[in-house]
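Everything in the sequence shown is counted per my numbering, starting at 798 for the first residue and increasing by one.
Don't be surprised by glycine CBs; every beta carbon is placed ideally from N, CA and C.
In this text, all values refer to a predicted model and were calculated from it rather than measured experimentally.
See structure below.
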Amino acid sequence: QSNLFSGIKDWTPKLDEIAKNNQYFTRFHANGYTTEHGELALLTGLLPITPPLENIYSAESNFSGFSQYSYSLAHALKKAGYKTEFLTNSDLGFAGTREWVEGLGFDYIEGHEHPYYDNFERYQFGAAPDAALYDRIFERISEQAEKYFMFVKTTSSHQPHMDPDTGKQGEEAAFRYIDRELGAFYDDLITTDFFENGILIIVGDHRAMVPLRK
């Protein structure tokens, strides 16, 4: 989807601009092929290889066997004096995400059940649009009075692909939407001087869930 990272499509001009104006990595590979695998690698530092089971298909989710990890990123940051938060606009009940995140030691956990999203349309995984999530993140930022870390998981790029603003379906429509909202979020961070003391890390978590094309 990115012209900068793939040289194929040009559907993420804002993401590409952010990368060019800062620092980006072209040989950074996902440790797996699902969102859960990406979260495992990022938040525990472990390779998301399913532990031995009598039946490998009996695992309830990709998080099975990776709960209560004592040296998670959340625990490490708390030892360094940070408040830690996990926020998403999707259903934390999916794949047992809430229970897993609680086991990692996050101080605050929030999903699509928060009243902030009550008046928004819902899409994949019961999620409100990414634009709503970014607005909610700004609310949380304004409430912080100490050093903090937020892990934010967006959802609008997931299938079925659609632009929530226009209702237009398709991969291109969806990725142009998420790029537009990510760009607006980044610009808002600049206007609030977030980068005087803050760092933003943007990652894509797994493969494109679409058929191979020419």
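Report the CB separation of residue i from residue j in whole angstroms; it is logged as a contact under 8 angstroms.
| i | j | result |
| --- | --- | --- |
| residue 952 | residue 887 | 4 angstroms |
| residue 817 | residue 878 | Wrong, their Cβ atoms sit about 33 angstroms apart, outside the cutoff. |
Rounded to a whole number of angstroms, what is the C-alpha to C-alpha distance between residue i and residue j?
| i | j | result |
| --- | --- | --- |
| residue 903 | residue 869 | 9 angstroms |
| residue 801 | residue 823 | 9 angstroms |
| residue 820 | residue 839 | 18 angstroms |
| residue 913 | residue 937 | 12 angstroms |
| residue 1007 | residue 957 | 10 angstroms |
| residue 894 | residue 863 | 11 angstroms |
| residue 881 | residue 830 | 26 angstroms |
In three-state terms, what does DSSP make of residue i?
| i | result |
| --- | --- |
| residue 802 | coil |
| residue 839 | helix |
| residue 950 | strand |
| residue 883 | strand |
| residue 941 | coil |
Between the Cα of residue i and those of the options, spot the shortest distance and give me the residue it belongs to.
| i | options | result |
| --- | --- | --- |
| residue 931 | 923, 995, 894, 884 | 884 |
| residue 815 | 1007, 980, 892, 863 | 980 |
| residue 841 | 919, 892, 898, 915 | 898 |
| residue 995 | 908, 946, 1006 | 946 |
| residue 977 | 920, 928, 941, 910 | 928 |
| residue 813 | 983, 989, 991 | 983 |
| residue 962 | 918, 991, 911, 798 | 918 |
| residue 948 | 997, 1005, 844 | 997 |
At least 3 beta-carbon pairs within less than 8 angstroms: the region 955–974 vs the region 895–909: They do not touch, by the three-pair rule.
Stretch pair the region 972–985 + the region 802–810: three plus CB contacts closer than 8 angstroms: yes
The region 917–937 / the region 945–960 touching (three or more Cβ pairs under 8 angstroms): Touching, yes.
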